[in-house]
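**Q**
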Amino acid sequence: MRSLISISVITIMTMLTTSSCAKKDSKILTIGHRGAKGHVAENTIASIQKAMDLNVDAIEIDIFKCATGELVVFHDQTLEKLTDGKGFIEQMSLDSIKQFRVLGKEPIPTLNEVMDLIDGRVQLNIELKGAQTAELTSKLINTYFEKANWDSKDVFISSFNWDELELFYKVNKEVAIAVLTEDDPLDAIPVAKTLDAFAINPDYQTLSPQNIKKIHKAGLKIYPWTVNEPENIARMVEFGVDGIITDFPERVQEKIN
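So in my numbering, spot 15 of the sequence shown is number 20, and the numbers just go up one at a time.
1) Compute the distance between the beta-carbons of Val119 and Leu108, then report whether it is under 9 angstroms.
2) Could you compute how far the alpha carbon of Gly92 sits from the alpha carbon of Thr199?
3) Would Arg106 pass as a contact of Asp81 if the rule is Cβ separation under 9 angstroms?
4) Would you tell me roughly how many angstroms separate the C-alpha atoms of Pro195 and Asp121, rounded to the nearest one?
5) DSSP beta-bridge partners for Thr251?
6) According to DSSP, simplified to helix, strand and coil, what is Gln96?
7) So what does DSSP say about Val107, is it helix, strand or coil?
8) My output table needs one value for Ser351: the three-state DSSP class, helix, strand or coil.
9) Whole beta strand (DSSP E) runs in the stretch 141 to 177 with 3 or more residues, listed along the chain?
10) Helix, strand or coil, according to DSSP, for Asn2 in the structure here?
11) Using the beta-carbon count (16 or more within 10 Å), is Thr49 buried or exposed?
12) Please work out which residues of its chain come closer than 6 angstroms, Cβ to Cβ, to Trp167, disregarding the five sequence neighbours upstream and downstream, and give them in chain order.
13) Out of Glu140, Arg256, Gln54, which one is the CA nearest neighbour of Pro235?
14) Does the stretch 171 to 186 touch the stretch 202 to 210, meaning 3 or more C-beta pairs lie closer than 8 angstroms?
15) Going by beta carbon distance, what residues of the same chain come within less than 8 angstroms of Phe253, once the five residues before and after it are set aside?
16) Helix, strand or coil: which one does DSSP assign to Asp67?
17) First and last residue of the beta strand (DSSP E) that includes Asn130?
18) With 16 other CB atoms within 10 Å as the buried threshold, where does Ser98 fall?
19) Might you give, ordered along the chain, the residues of its own chain that have their beta carbon closer than 7 angstroms to the beta carbon of Leu84, omitting 5 neighbours on each side?
20) So Leu76 packs on Leu170, CB below 8 angstroms; how close in whole Å?
21) Between Asp192 and the rest of its own chain, which residues show a CB-CB distance below 8 angstroms, the 5 nearest in sequence each way excluded?
22) Let me know if Thr148 comes out buried or exposed under the rule of 16 or more other beta-carbons within 10 Å of its beta-carbon.
23) Give the DSSP-derived three-state secondary structure of Val78 in the structure shown.
24) Would you mind reading off the limits of the alpha helix (DSSP H) that contains Ala56?
25) Would you tell me roughly how many angstroms separate the C-alpha atoms of Met20 and Lys110, rounded to the nearest one?
26) Between the alpha carbons of Glu283 and Ala153, how many angstroms are there, rounded?
27) Given a threshold of 16 other Cβ atoms within 10 Å of its Cβ, counted over all protein chains shown, does Glu132 qualify as buried or as exposed?
28) Just to confirm before moving on: does the CB-CB distance between Ile33 and Lys134 stay below 9 angstroms?
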């Protein structure tokens, strides 16, 4: 009798543990696009703070290497669209870049400043926008992993530039990689496998229940971008994606909760 009771208890505990793990693994992550782009000037300290205030699970940012070697958080190759400045950001010194304001309000931060602010409280998705960013990014984030509040699991790297992702993978096998694509997401599966990536980040408009099933069958997560309208968010939730990259984190949370 005691043996039967023991077996029953173990079975119940195993079921509870499995159920708990499944629930945790099935959570749809809310990923703030360039911080909280729908609320505050994108890729700025203020935008990243807003995203954390909105209780995101992760924050996506873009980085370039500037002329003096620092990694700066900015989306466009040139300053014209987002600031009152002109020119290519990769050709400017950090001192010059710091003179400009995004949408006339917020300074352009460095990757160091962003990581200092986040301090391991949410996951950070670093998109490699410019050339020669892979090795520098690896070196910088490794210095943060030596600090108490950061771990390699707190960061993942993505890029549309698959060659840059390959360079990152060569120098850093500890940090996860997500393959960005705006084309057929199924075409990204072989690249993802080569880079031992954990996810594909596709344009949400390219997704269907059929290709999502194939991507999941390949053992990859799916984090579509950039999903802002409630009806599109609801569709992605129904399709069973693993995370949603959005300018409006509160809209995603409303749907998944």
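Beta carbons are placed, not taken as given, at the ideal position from N, Cα and C, and that holds for glycine.
**A** The structure says:
1) no
2) 36 angstroms
3) no
4) 35 angstroms
5) Gly37
6) helix
7) strand
8) As shown, the chain starts at 6 and ends at 262. That puts residue 351 outside it, with no answer to give.
9) 160 to 164
10) Look at the range of the chain in this structure, 6 to 262, and you will see that residue 2 is not part of it.
11) buried
12) Val196
13) Arg256
14) yes
15) Ala41, Gly43, His44, Asn233
16) strand
17) 128 to 133
18) exposed
19) Gly90, Lys91, Gly92, Ile94, Phe105
20) So it is not a contact: roughly 16 angstroms between Cβ atoms.
21) Thr186
22) exposed
23) strand
24) 50 to 58
25) Confidence at Met20 is low in this model, with a pLDDT of 37, below 50, so the placement of that residue should be treated as unreliable; the coordinate-derived value is given next. Taking the straight line joining both Cα atoms gives about 53 angstroms.
26) Absent from the structure is residue 283, since the part of the chain shown begins at 6 and ends at 262.
27) buried
28) no
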